[in-house]
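Chemist: Just passing along the structure, written as structure tokens.
Chains as they are written, first to last, in our numbering: chain A, 1 to 120; chain B, 1001 to 1197.
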């Protein structure tokens, strides 16, 4: 395995090392298989289920969490306040309930039912 | 060892066996241990030069394989490549923690190869031991590259994946490693069974 210059034939040494490769010791094989059995036993157990989030938490997630809910709450509060105590440039909503929608009579004194009778 | 899809009638691939293991098939563990155990132990022994440490590395590498099995994606990589990578990293970690290097090849009893005559076995053993002693003089990464390339006979791209380096870096490490081995072995030609002239 040495050439004429006395150089070491590494390839020959590598071949020898491959032929001399270590077999798996029996005791090591048993330990590896014992580990495998232990790990596999863990696979058989159902994973611990996390508690499902409550309805309120699911709504929060859909709306974008606490920051979004905070803005929503503020908007709702503002709307209620405007309705209860509107600014001066807005009409009082309580007065609008019974007031006429307009002071202009678009039918000119006629009733709608009499208009239909004229069609014959 | 391959990671491909098994053909009907042929032995299942490492990929398939690992999936079977994750699904609770005990025989898959025995088959994978028989296929991969000797390789990971042998390469750890070559890299570490210590039998007890090599056994620890092999057991730990296989344990990590078992734990990883449910997450294994068949067809994306070779199981053996993954295992080699884990083993090589474990060897590097262990070497960093170890204080001083020691070569304990003498306490490595090997079973006889029935295909060789006694003198051939002895000569192979002597050459393998001399090679191992020379390997232990190499820097860790050179030794890993040389063992994976020239003893485990892996292609350079696979070694690059195992060692997380480029193919060019693998070629550089193995070239430098072989030169260093030749230099370390130059004074041991008689021990290797070489005759002058």
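Just so it is clear, CB atoms sit at the ideal spot from N, CA and C, and this is done for glycine as well.
What residues in the segment 1115-1135 of chain B have a beta carbon less than 8 Å from any beta carbon of chain A?
Modeler: 1116, 1123, 1124, 1125, 1127, 1128, 1130, 1131, 1132
Chemist: Please tell me whether residue 1128 of chain B and residue 20 of chain A are closer than 7 Å, where the distance is taken between their beta carbons.
Modeler: Closer than 7 Å, so yes.
Chemist: Which residues of chain A have a Cβ atom closer than 8 Å to the Cβ of residue 1151 of chain B, listed in chain order?
Modeler: 14, 17, 18, 21
Chemist: Short check: CB of residue 1044 of chain B to CB of residue 1057 of chain B, under 7 Å?
Modeler: yes
Chemist: How long is the line joining the alpha carbons of residue 1020 of chain B and residue 1014 of chain B, rounded to whole angstroms?
Modeler: 10 Å
Chemist: Kindly indicate if chain B contains any beta-carbon less than 7 Å away from that of residue 36 of chain A.
Modeler: yes
Chemist: Please report how far the alpha carbon of residue 1146 of chain B lies from the alpha carbon of residue 1155 of chain B, in whole angstroms.
Modeler: 11 Å
Chemist: Mind listing the chain B neighbours of residue 33 of chain A? Cutoff is C-beta to C-beta under 8 Å, in chain order.
Modeler: In chain order: 1029, 1030, 1033.
Chemist: Residue 59 of chain A versus chain B: which residues are under 9 Å apart at the beta carbon?
Modeler: By Cβ distance, chain B contributes nothing, its closest Cβ being about 34 Å from residue 59 of chain A, past 9 Å.
Chemist: Step through the CB atoms of chain B and report whether any lies within less than 7 Å of the CB of residue 28 of chain A.
Modeler: yes
Chemist: Could you run through the segment 1042-1066 of chain B and flag, in chain order, every residue whose CB is less than 7 Å away from some CB of chain A?
Modeler: 1042, 1045, 1055, 1058, 1059, 1062, 1063, 1066
Chemist: Taking residue 1040 of chain B and residue 1062 of chain B to be in contact with their CB atoms under 8 Å, please state how far apart those CB atoms are, rounded to whole angstroms.
Modeler: Confirmed, about 7 Å.
Chemist: Kindly list, in the order they appear in chain B, the residues whose Cβ is closer than 7 Å to that of residue 10 of chain A.
Modeler: Chain-order list of chain B residues neighbouring residue 10 of chain A: 1178, 1181, 1182, by C-beta distance under 7 Å.
Chemist: Kindly list, in the order they appear in chain B, the residues whose Cβ is closer than 7 Å to that of residue 24 of chain A.
Modeler: 1037, 1038, 1041
Chemist: Using alpha carbons as the reference points, say which of B:1067, B:1079, B:1134, B:1081 lies closest to residue 1049 of chain B.
Modeler: B:1134
Chemist: Just checking, does the segment 1149-1163 of chain B make contact with the segment 1077-1089 of chain B on the three C-beta pairs under 8 Å criterion?
Modeler: yes
Chemist: Show which residues of chain A have a CB atom less than 7 Å away from the CB atom of residue 1020 of chain B.
Modeler: None at all; the shortest Cβ gap to chain A is about 11 Å.
Chemist: Taking Cβ to Cβ, would you say residue 1067 of chain B is nearer than 7 Å to residue 39 of chain A?
Modeler: A contact, by the Cβ cut-off of 7 Å.
Chemist: Would you report the Cα separation of residue 1027 of chain B and residue 1097 of chain B, rounded to the nearest angstrom?
Modeler: When rounded, the distance between both Cα atoms is 36 Å.
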